[in-house]
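A.B. asks:
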Amino acid sequence: MSDRNLCDETSLSQDLTSLDAVFSPRSVAVVGASRRRNSIGFSLIHNLLINEFAGTVFPINPHGGAIHSLKAYPSLTAVPDPVDLAVIAVPSSVIEGVVEEAIAKGVRGLVVITAGFAEVGDEGARLEERICQRVRDAGLRMIGPNCMGVINADRSVRLNATFAPTPATAGSVGFVSQSGALGVAILNVAEELGIGFTQFVSIGNKADVSGNDLLEYWENDEATRVIAMYLESFGNPRHFTEIAKRVGRKKPILIVKSGRTTEGARAASSHTGALAGADVTVSAFLEQCGVVRANSIADLFDIARALDRCPLPRGRRVAILTNAGGPAIMATDACVNLGLEIATLSEATRAELASFLPPEASFGNPIDMIASADAAGYGRALTVLLADAQVDMVMVINVKPLVGDPRDVMEAVNESVRAANAGAGAGKPVLAVIMATEEFYAEVQRRTDQPPVYRFPEPAARALAMLSRYATWRRRPADESPIEFEVPDDEVRDILAAPASGYLDPCAAFRVLELYGVPVVPCRMVTEPEAALAAATELGYPVVLKAHAPDLVHKSDSGGVVVGIGNEAELRQEIAAMRQRLTAAGHPPSGYLVQEQIRAAGHEVIFGISTDPRFGPLLMFGLGGKYVEVLRDVRFAVTPLTAAEAKDVIRRIRGVALLDGVRGEPPADVELLVEVLLRLAQLAQRHPRIRELDINPFLAAPRGGRAVALDVRIRVEPSADDSA
Ligand code: COA
Numbered sequence: 009m010s011d012r013n014l015c016d017e018t019s020l021s022q023d024l025t026s027l028d029a030v031f032s033p034r035s036v037a038v039v040g041a042s043r044r045r046n047s048i049g050f051s052l053i054h055n056l057l058i059n060e061f062a063g064t065v066f067p068i069n070p071h072g073g074a075i076h077s078l079k080a081y082p083s084l085t086a087v088p089d090p091v092d093l094a095v096i097a098v099p100s101s102v103i104e105g106v107v108e109e110a111i112a113k114g115v116r117g118l119v120v121i122t123a124g125f126a127e128v129g130d131e132g133a134r135l136e137e138r139i140c141q142r143v144r145d146a147g148l149r150m151i152g153p154n155c156m157g158v159i160n161a162d163r164s165v166r167l168n169a170t171f172a173p174t175p176a177t178a179g180s181v182g183f184v185s186q187s188g189a190l191g192v193a194i195l196n197v198a199e200e201l202g203i204g205f206t207q208f209v210s211i212g213n214k215a216d217v218s219g220n221d222l223l224e225y226w227e228n229d230e231a232t233r234v235i236a237m238y239l240e241s242f243g244n245p246r247h248f249t250e251i252a253k254r255v256g257r258k259k260p261i262l263i264v265k266s267g268r269t270t271e272g273a274r275a276a277s278s279h280t281g282a283l284a285g286a287d288v289t290v291s292a293f294l295e296q297c298g299v300v301r302a303n304s305i306a307d308l309f310d311i312a313r314a315l316d317r318c319p320l321p322r323g324r325r326v327a328i329l330t331n332a333g334g335p336a337i338m339a340t341d342a343c344v345n346l347g348l349e350i351a352t353l354s355e356a357t358r359a360e361l362a363s364f365l366p367p368e369a370s371f372g373n374p375i376d377m378i379a380s381a382d383a384a385g386y387g388r389a390l391t392v393l394l395a396d397a398q399v400d401m402v403m404v405i406n407v408k409p410l411v412g413d414p415r416d417v418m419e420a421v422n423e424s425v426r427a428a429n430a431g432a433g434a435g436k437p438v439l440a441v442i443m444a445t446e447e448f449y450a451e452v453q454r455r456t457d458q459p460p461v462y463r464f465p466e467p468a469a470r471a472l473a474m475l476s477r478y479a480t481w482r483r484r485p486a487d488e489s490p491i492e493f494e495v496p497d498d499e500v501r502d503i504l505a506a507p508a509s510g511y512l513d514p515c516a517a518f519r520v521l522e523l524y525g526v527p528v529v530p531c532r533m534v535t536e537p538e539a540a541l542a543a544a545t546e547l548g549y550p551v552v553l554k555a556h557a558p559d560l561v562h563k564s565d566s567g568g569v570v571v572g573i574g575n576e577a578e579l580r581q582e583i584a585a586m587r588q589r590l591t592a593a594g595h596p597p598s599g600y601l602v603q604e605q606i607r608a609a610g611h612e613v614i615f616g617i618s619t620d621p622r623f624g625p626l627l628m629f630g631l632g633g634k635y636v637e638v639l640r641d642v643r644f645a646v647t648p649l650t651a652a653e654a655k656d657v658i659r660r661i662r663g664v665a666l667l668d669g670v671r672g673e674p675p676a677d678v679e680l681l682v683e684v685l686l687r688l689a690q691l692a693q694r695h696p697r698i699r700e701l702d703i704n705p706f707l708a709a710p711r712g713g714r715a716v717a718l719d720v721r722i723r724v725e726p727s728a729d730d731s732a
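What follows is the structure, encoded as structure tokens:
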């Protein structure tokens with residue numbers, strides 16, 4: 009940051025970016041500075057002074073006098089020197105006057121601590137809009153309102169313009185928090201874990217400066233190696249996507265996004281719209297942007313420490329080095345559950361480990377050096393593991409030995425990591441799990457020149473999994489754009505426009521898929537039994553009979569599906585029985601769908617589309633048929649969707665092994681599934697009238713087999729597109 013430091017008189021120039029006035033001012037005025045201890049106006053001055061701000065501080069208070077030994081000025085206008093940044097903590101009723109004064113004074117940045125704006129209602133929102141407009145018209149930048157302030161921990165600036173009791177130490181994390189109160193907790197946890205910041209920003213209502221602006225600010229800032237965000241909402245998701253995908257290529261972005269619980273409240277239903285909560289949309293969206301989503305602040309810092317201090321792994325294979333069996337089993341479980349692989353060590357590695365470890369040790373993976381392992385043994389074994397081409401990363405576990413000191417183990421680990429990283433290549437991530445005393449953690453956590461230390465295997469496994477996931481995303485080609493399929497969109501538009509809203513009739517829904525190049529089962533829609541007989545003759549027996557009734561959702565459950573109808577007499581009989589059943593159940597059929605019965609082998613999968621009000625179309629893929637109701641093994645993606653992203657969605661369902669073929673079954677044609685997902689992504693994007701689409705089941709057949717959509721429902725609603 010120092011090259012953009014306004015405190016440095018030699019760097020004064022007009023080409024400084026506007027946010028530098030906020031982060032690296034030469035002078036700060038606190039408007040609303042107060043002598044009252046424990047008031048916000050007092051704490052702001054106090055923090056600026058005790059953190060030894062490198063510039064000048066001007067307290068502004070209508071009564072003048074002295075505040076914290078500094079001369080207080082009655083107004084900004086009364087300050088004889090230039091003021092770069094004004095931190096405002098006056099009641100909202102007088103804020104407009106203060107903003108005008110700041111503009112007149114030539115202030116270039118504002119941090120508005122004051123609350124009482126958009127968060128309290130319409131009047132506050134209007135006030136916020138007015139000050140934001142004024143600030144923008146005058147070319148200033150504003151953080152807040154309703155925020156806790158900003159910190160620039162750069163040692164040449166040392167700006168702490170917050171009222172938080174805990175200071176921030178200098179480091180490499182750029183942090184933005186949408187919650188001020190949580191900001192205080194974040195600073196406390198960071199202090200405990202020895203995490204340092206470049207800048208820490210509480211953005212409050214983000215009237216002017218948004219999270220996106222800060223991402224761009226940190227994009228090319230070499231000192232910021234990891235960007236961390238606590239967000240409650242996305243201002244503009246599309247804009248965020250663009251920026252995050254670009255910035256994420258240079259440095260990792262970590263987010264704790266609150267609001268996960270909506271997912272838990274979802275109804276046990278098998279439809280995309282019901283399976284897709286607001287939260288899964290956010291997760292899918294963040295994953296596609298390459299953003300690492302943390303579950304909590306503690307989780308965020310556990311991952312951030314690893315991202316900050318470790319090189320990215322080349323693959324998913326992890327070696328576990330331990331002096332105790334139990335924690336290694338826990339580590340193995342956690343790694344496997346998170347999608348990591350337990351590395352198969354090379355013969356050479358095993359032989360070398362056997363040459364110096366006791367015969368009771370186990371040389372598979374985990375490598376259990378047993379309780380007698382000393383620091384030298386750790387160092388030597390780690391060096392051997394890091395040299396194995398079949399190992400991408402290592403978790404070192406040490407349960408405090410009866411004799412010896414875990415500090416020595418850490419020293420040996422450091423030595424080994426330093427030596428390995430000094431060699432050719434980018435090095436491999438090593439995380440340490442040390443089960444020791446509180447004093448040990450207090451001392452070791454503050455050291456940033458060594459692998460991060462965790463208390464238990466699970467958070468370390470999660471950090472490794474996130475490193476690996478982020479590394480995989482980074483390896484994807486950056487410039488991949490969605491494939492465009494040639495399709496008769498006008499014809500599709502006409503079909504979708506036929507009903508004002510509601511479900512398309514099944515034939516129309518199948519026709520939409522067909523036009524979009526999605527293979528469908530041959531079928532005919534009829535209303536009369538005689539027509540059904542003619543359709544079945546045309547399609548060839550055996551056939552499947554499905555009832556159509558506008559409000560009939562779970563057709564099979566209500567007896568609305570009969571398979572394996574072998575001849576005319578059976579079909580006649582089934583139609584009569586079905587009509588009777590459904591009428592009695594309150595769903596008299598308005599028609600019947602006669603389908604060819606597909607006898608090909610394959611697995612039932614589900615494809616779906618739903619719409620999120622903020623993020624737009626959301627796609628779903630998973631195991632279909634009865635599995636979706638029981639296992640809910642589905643994954644989501646937002647549009648636009650690239651081929652790599654589509655493949656990722658399909659490959660990351662839990663049951664992907666089924667698609668790959670188990671017990672000698674041939675694998676499903678996954679490439680075709682990827683293509684169907686991409687075609688549906690285009691359909692969803694180009695036809696916003698589609699509110700919900702479910703293809704369930706789609707028969708995922710082996711390559712060359714008959715992969716087809718067996719059932720589809722499409723619900724349409726008027727959209728902005730209708731008037732176009
Ligand atoms: N210029 C300079 N100083 C002014 C002023 C002006 N135009 N108008 C008032 N002041 C001074 C007051 O005299 C007072 O100083 P004093 O203690 O020496 O008298 C000081 O500013 C504060 O004003 P006061 O009226 O006492 O307000 P307050 O301290 O009760 O509250 C805020 C001020 C900004 C803290 C309050 O309005 C607020 O918004 N609180 C919530 C903040 C918050 O939660 N932010 C989000 C955090 S995440």
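Residue numbers for the sequence shown follow my numbering, so the first one is 9 and each next one is one higher.
The C-beta atom is built at its ideal place from N, Cα and C for all residues, glycine as well.
In chain order, what residues of the same chain have a beta carbon less than 6 Å from the beta carbon of T64, not counting five sequence neighbours either side?
C.D. replies: Mapped onto the sequence shown, residue 64 falls at position 56. For T64, where only same-chain residues beyond five positions count, the Cβ hits under 6 Å are S35.
A.B. asks: Identify, in the order they occur along the chain, each residue of the same chain with its Cβ nearer than 7 Å to the Cβ of D416, setting aside the five sequence neighbours on each side.
C.D. replies: Here the question's residue 416 lines up with position 408 in the sequence shown. Spatial neighbours of D416 in its own chain (CB-CB distance under 7 Å, excluding positions within 5 residues in sequence) are listed in chain order as A383.
A.B. asks: In the DSSP assignment, find the alpha helix (DSSP H) that holds N345 and state where it starts and stops.
C.D. replies: Here residue 345 corresponds to residue number 337 of the sequence shown, with the count starting at 1. Note, N345: alpha helix (DSSP H), 333-345.
A.B. asks: Given G663, which residues of its chain have a CB within under 6 Å of its CB, disregarding the five upstream and five downstream residues?
C.D. replies: Counting from one through the sequence shown, the residue named residue 663 turns up at place 655. The answer, listed in chain order, is L631, D641.
A.B. asks: Rounded to whole angstroms, what's the CA-CA distance from A428 to H76? Just pull it up for me.
C.D. replies: Counted from its first residue, the sequence shown places residue 428 at position 420. Counted from its first residue, the sequence shown places residue 76 at position 68. Straight-line Cα distance between these residues: approximately 52 Å.
A.B. asks: Going by Cα to Cα distance, which pick from A593, V119, R694 is closest to A555?
C.D. replies: Within the sequence shown, the letter at position 547 stands for residue 555. Comparing Cα-Cα distances from A555 to each of A593, V119, R694, the minimum goes to A593.
A.B. asks: Please list, in chain order, all residues of the same chain as A336 whose beta carbon is under 7 Å from its beta carbon, the five residues on each side excluded.
C.D. replies: Against the sequence shown, residue 336 aligns to sequence position 328. Cβ neighbours of A336 beyond the five flanking positions: I328, T330, P374, D376, I405.
A.B. asks: Compute the Euclidean distance between the alpha carbons of S21 and S32, then round it to the nearest angstrom.
C.D. replies: Looking up residue 21 in the sequence shown gives position 13. Looking up residue 32 in the sequence shown gives position 24. Since pLDDT at S21 reaches only 33, below the 50 mark, its modelled position is unreliable, and no value is offered.
A.B. asks: Is DSSP giving S354 helix, strand or coil here?
C.D. replies: Reading the sequence shown from its first residue, position 346 is the one you call residue 354. S354 falls in the coil class under three-state DSSP.
A.B. asks: Give the secondary structure of N406 by DSSP, where H, G and I count as helix, E and B as strand, and everything else as coil.
C.D. replies: Residue mapping note: residue 406 aligns to position 398 of the sequence shown, counting from 1. Of the three classes helix, strand and coil, the one that applies to N406 here is strand, per DSSP.
A.B. asks: Would you mind reading off the limits of the beta strand (DSSP E) that contains C531?
C.D. replies: Here the question's residue 531 lines up with position 523 in the sequence shown. If you look at C531, you'll find it in the beta strand (DSSP E) that goes 531-534.
A.B. asks: Terminal residues of the continuous alpha helix (DSSP H) containing S424?
C.D. replies: Position 416 of the sequence shown holds residue 424. Counting along the chain, the unbroken alpha helix (DSSP H) around S424 starts and ends at 414-430.
A.B. asks: Using a 10 Å radius around the Cβ and a threshold of 16 neighbouring Cβ atoms, would you call I194 buried or exposed?
C.D. replies: Stepping through the sequence shown from its first residue, residue 194 is reached at position 186. I194 should be labelled buried.
A.B. asks: Evaluate contact between the stretch 463-475 and the stretch 297-310, counting only Cβ atoms and requiring at least three cross-stretch pairs below 8 Å.
C.D. replies: yes
A.B. asks: Touch check for the stretch 163-176 and the stretch 124-132: three-plus C-beta pairs under 8 Å?
C.D. replies: no
A.B. asks: Report the three-state DSSP secondary structure of V217 (helix, strand or coil).
C.D. replies: Here residue 217 refers to the residue found at position 209 when the sequence shown is read from its first residue. Three-state result, V217: coil.
A.B. asks: Can you tell me whether M150 sits near the ligand COA, meaning its C-beta is under 7 Å from at least one heavy atom of the ligand?
C.D. replies: Here residue 150 is taken as the residue at index 142 of the sequence shown, counted from 1. Outside the cutoff, so no.
A.B. asks: Locate the alpha helix (DSSP H) running through S51, then write down its first and last residues.
C.D. replies: In the sequence shown, counting from the first residue as 1, residue 51 sits at position 43. Unbroken alpha helix (DSSP H) run through S51: 48-58.
A.B. asks: State buried or exposed for F248, treating a residue as buried only when at least 16 other CB atoms are found within 10 Å of its CB.
C.D. replies: In the sequence shown, the residue the question calls residue 248 occupies position 240. With 16 or more Cβ atoms within 10 Å of its Cβ, F248 is classed as buried.
A.B. asks: Are the CB atoms of S618 and E725 nearer to each other than 8 Å?
C.D. replies: Counted from its first residue, the sequence shown places residue 618 at position 610. Counted from its first residue, the sequence shown places residue 725 at position 717. Going by C-beta atoms, S618 is not nearer than 8 Å to E725.
A.B. asks: Would you identify the three-state DSSP class for M156, choosing helix, strand or coil?
C.D. replies: Taking the sequence shown and counting its residues from 1, one reaches residue 156 at position 148. Three-state DSSP puts M156 in coil, outside helix and strand.
A.B. asks: Should R426 be labelled buried (16 or more other beta-carbon atoms within 10 Å of its own) or exposed?
C.D. replies: Within the sequence shown, numbered from 1, the residue matching residue 426 stands at position 418. So R426 counts as exposed.
A.B. asks: Just checking my contact of G147 with V119 at CB under 8 Å: how many whole Å lie between their CB atoms?
C.D. replies: On the sequence shown, position 139 is the one that residue 147 refers to. On the sequence shown, position 111 is the one that residue 119 refers to. The beta-carbon distance between G147 and V119, rounded to whole angstroms, is 17 Å. This is too long to meet the 8 Å contact definition.
A.B. asks: From the DSSP output, read off the bridge partner residues of I311.
C.D. replies: For this step, residue 311 is matched to residue 303 along the sequence shown. In the DSSP output, where bridge partners are listed per residue, I311 has none listed.
A.B. asks: Hey, how far is the Cα of I573 from the Cα of Q296?
C.D. replies: Position 565 of the sequence shown holds residue 573. Position 288 of the sequence shown holds residue 296. About 45 Å.
A.B. asks: For the beta strand (DSSP E) containing Q207, name the first residue and the last one.
C.D. replies: Residue mapping note: residue 207 aligns to position 199 of the sequence shown, counting from 1. Element bounds for Q207: 205-210.
A.B. asks: Per DSSP, what kind of secondary structure is M237 in: helix, strand or coil?
C.D. replies: Here residue 237 is taken as the residue at index 229 of the sequence shown, counted from 1. Residue state, collapsed to three classes: strand.
A.B. asks: Between V30 and G157, which are expected to be in contact by the criterion C-beta below 8 Å, what is the C-beta distance as a whole number of angstroms?
C.D. replies: Against the sequence shown, residue 30 aligns to sequence position 22. Against the sequence shown, residue 157 aligns to sequence position 149. With 8 Å as the limit, V30 and G157 do not qualify as a contact, their Cβ atoms being about 10 Å apart.
A.B. asks: Terminal residues of the continuous beta strand (DSSP E) containing E612?
C.D. replies: Walking along the sequence shown from the start, residue 612 turns up at place 604. From DSSP, the beta strand (DSSP E) with E612 extends over 611-620.
A.B. asks: Can you find the residues in the same chain that come closer than 6 Å, C-beta to C-beta, to G385, ignoring five residues on each side of it along the sequence?
C.D. replies: Your numbering for residue 385 matches position 377 in the sequence shown. Same-chain partners within the cutoff: M377.
A.B. asks: I believe P530 touches E637 by the beta-carbon criterion, under 8 Å. Please report the beta-carbon distance rounded to the nearest angstrom.
C.D. replies: In the sequence shown, the residue the question calls residue 530 occupies position 522. In the sequence shown, the residue the question calls residue 637 occupies position 629. In this structure P530 does not touch E637 by the C-beta definition: roughly 27 Å separates them, more than the 8 Å allowed.
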